Amino acid sequence: MDTYSLLTCRASGGSECRLKCLYSFCVFIALLMTFRPFASMAQVAVCSPYVEPLHIVLLGDSNTALGGDHCDLPKGWSRWFVERVRPTSCRSYARSGATWTNTPKTKVNTTENIGRIGDDNVIFNQIHRLVKAYEGQLQPYPDVVIVAAGTNDVWFGKYRPDAFGRSVEEAFVPDDRSMTERRASEVVSLTESVRYGCLLLRKHFPKALLIVLTPLQTTAVEGDGIERAGDLIEGVALRMGMPVVRQDKVCVVSSKAEAKKRLYTYDGTHTNPLGARKNGEILADLIRPMIDRHLGR
């Protein structure tokens, strides 16, 4: 005898009606539990276009830090980048005031967050924070690492006097092993610091796609300083076989336009929500094909 027949045989009248309702409710719950895993899978599929998990990490200075550690604040390009690319996760380790370039006083420091230029406020230490988070199981293995820095290296040149001290060719005189065995305090030019940082990222995350973004245009830097920094950063990245996005050439922030009227920044350097959105969408459209190629799509 099936369950329903058994219930109806033992009850009559109102009791039978109540038992019918109870039986229907139990069937509903059973079906819900049965299909719950498939509902979860559907939710993931809607949130991300990627079949496999896609974890992205961002390193950089204030224009990346404006998006927040969780890439959800509207003044940062990362918020709009995430909305367009839709990765499984995107975590930012960027800090305001950060530079690529190390100084003779730079040391490992994973706790400092001073919001301005300093000896330890460098990409080198953001890499160490990332590694520490991964080893502590607080961060998934990154499939993509994007580094966007270089503005402060030029803007605050008096604190980075050796930033332009080495050409791209000179930065590659030491072999990879010799370079990574150095202390950060021994790597004090922009080109050497970029190479050094990217070698460390490759050492710890060899399967990750590394993407380098050159700095945006800014009214804070006169002359060709930003373009010169971009040329050096691009030169190192290309020599290492890494894709580069020239933000100073493709993004919406124009130093000449911003000097006349604030359109996409609130101070000539840092993006407002409109500038962040436009930059984030531009970067997403440029970077998404790079990710697809890396994943073999």
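Residue 1 is where the sequence shown starts when you use full-length UniProt numbering, and the numbers rise one by one after that. Each residue gets a CB set at the ideal place from its N, CA and C atoms; glycine is no exception. These numbers come from a predicted model, not from an experiment.
Just the C-alpha distance for Phe-164 and Glu-192, rounded to the nearest angstrom, thanks.
By 1-based counting over the sequence shown, the position of residue 164 is 164. By 1-based counting over the sequence shown, the position of residue 192 is 192. Whole-angstrom Cα-Cα distance: 10 Å.
In the DSSP assignment, find the alpha helix (DSSP H) that holds Arg-129 and state where it starts and stops.
Start at 1 with the first residue of the sequence shown, and residue 129 comes out as number 129. Segment 123-135, the alpha helix (DSSP H) holding Arg-129.
Spatial neighbours of Leu-73 within its chain, please: CB distance less than 8 Å, with the 5 preceding and 5 following residues excluded, ordered by chain position.
Here residue 73 refers to the residue found at position 73 of the sequence shown. Correct list, in chain order: Leu-66, Gly-67, Arg-79.
How many angstroms separate the CA atom of Asp-292 from the CA atom of Pro-215?
Counting from 1 along the sequence shown, the entry for residue 292 is found at position 292. Counting from 1 along the sequence shown, the entry for residue 215 is found at position 215. Each residue's alpha carbon lies about 24 Å from the other.
Since I believe Val-188 is in contact with Asn-102 (beta carbons under 8 Å), could you give me their beta-carbon distance rounded to a whole number of angstroms?
Taking the first residue of the sequence shown as 1, we reach residue 102 at position 102. Taking the first residue of the sequence shown as 1, we reach residue 188 at position 188. Asn-102 to Val-188, Cβ: 6 Å. Contact.
Tell me the DSSP secondary structure of Arg-288 in three-state form.
For this step, residue 288 is matched to residue 288 along the sequence shown. In the structure shown, Arg-288 sits in a helix (DSSP, three-state: H, G or I).
Just grab the DSSP bridge partners of Val-144 for me.
Here residue 144 refers to the residue found at position 144 of the sequence shown. For Val-144, which the question treats as bridged, DSSP gives the partners Ile-56, Leu-209.
Return the Cβ separation of Asp-69 and Ser-92 in integer angstroms, given the expectation that the two are a contact with Cβ distance under 8 Å.
In the sequence shown, residue 69 corresponds to position 69, counting from 1. In the sequence shown, residue 92 corresponds to position 92, counting from 1. At roughly 5 Å, the Cβ-Cβ gap stays under 8 Å, so Asp-69 and Ser-92 are in contact.
Which one or two residues does DSSP pair with Val-244 in a beta bridge?
On the sequence shown, position 244 is the one that residue 244 refers to. DSSP lists Val-212 as partners of Val-244.
For Pro-289, is the classification buried or exposed, using 16 other Cβ atoms within 10 angstroms of its Cβ as the cut-off for buried?
To locate residue 289, count along the sequence shown from 1; it is residue 289. Exposed, by the Cβ-count rule.
So, using beta-carbon positions, are Gln-139 and Leu-59 closer together than 7 Å?
The residue you call residue 139 lines up with position 139 of the sequence shown. The residue you call residue 59 lines up with position 59 of the sequence shown. The answer is no: Cβ separation not under 7 Å.
Select from Leu-232, Thr-218, Met-240, Thr-271 the residue whose C-alpha is nearest the C-alpha of Asp-176.
Along the sequence shown, one-based indexing puts residue 176 at 176. Considering only alpha carbons, the answer is Met-240.
Our contact map puts Asn-63 next to His-204 with C-beta atoms below 8 Å; I'd like the distance itself, whole angstroms only.
By one-based count along the sequence shown, residue 63 stands at place 63. By one-based count along the sequence shown, residue 204 stands at place 204. Wrong, their Cβ atoms sit about 25 Å apart, outside the cutoff.
Of all the alpha helix (DSSP H) runs that stay within the bounds of the segment 161-200, which reach a length of 4 or more residues?
Segments of the alpha helix (DSSP H) lying fully in the segment 161-200: 168-171, 176-180.
Per DSSP, Cys-90 is paired with what?
One-based indexing of the sequence shown puts residue 90 at position 90. BP columns for Cys-90 point to Ile-56.
Could you tell me whether the Cβ atoms of Trp-77 and Asn-272 are closer together than 7 Å?
Reading the sequence shown from its first residue, position 77 is the one you call residue 77. Reading the sequence shown from its first residue, position 272 is the one you call residue 272. Cβ atoms of Trp-77 and Asn-272: not closer than 7 Å.
Would you decide whether Thr-111 is buried or exposed? Buried here means 16 or more other CB atoms lie within 10 Å of its CB.
Here the question's residue 111 lines up with position 111 in the sequence shown. It is exposed - the Cβ of Thr-111 has fewer than 16 other Cβ atoms within 10 Å.
Are the CB atoms of residue 335 and Leu-210 nearer to each other than 7 Å?
The structure shown does not extend to residue 335, since the chain is modelled only from 1 through 297, so no value can be given for it.
Can you tell me whether Tyr-264 is buried or exposed? The criterion is at least 16 other CB atoms within 10 Å of its CB, across all chains shown.
Here residue 264 refers to the residue found at position 264 when the sequence shown is read from its first residue. Looking at its Cβ environment, which holds 16 or more other Cβ atoms inside 10 Å, Tyr-264 is buried.
What whole-angstrom Cβ distance do Gly-150 and Ala-229 have, given they're in contact under 8 Å?
In the sequence shown, counting from the first residue as 1, residue 150 sits at position 150. In the sequence shown, counting from the first residue as 1, residue 229 sits at position 229. With 8 Å as the limit, Gly-150 and Ala-229 qualify as a contact, their Cβ atoms being about 5 Å apart.
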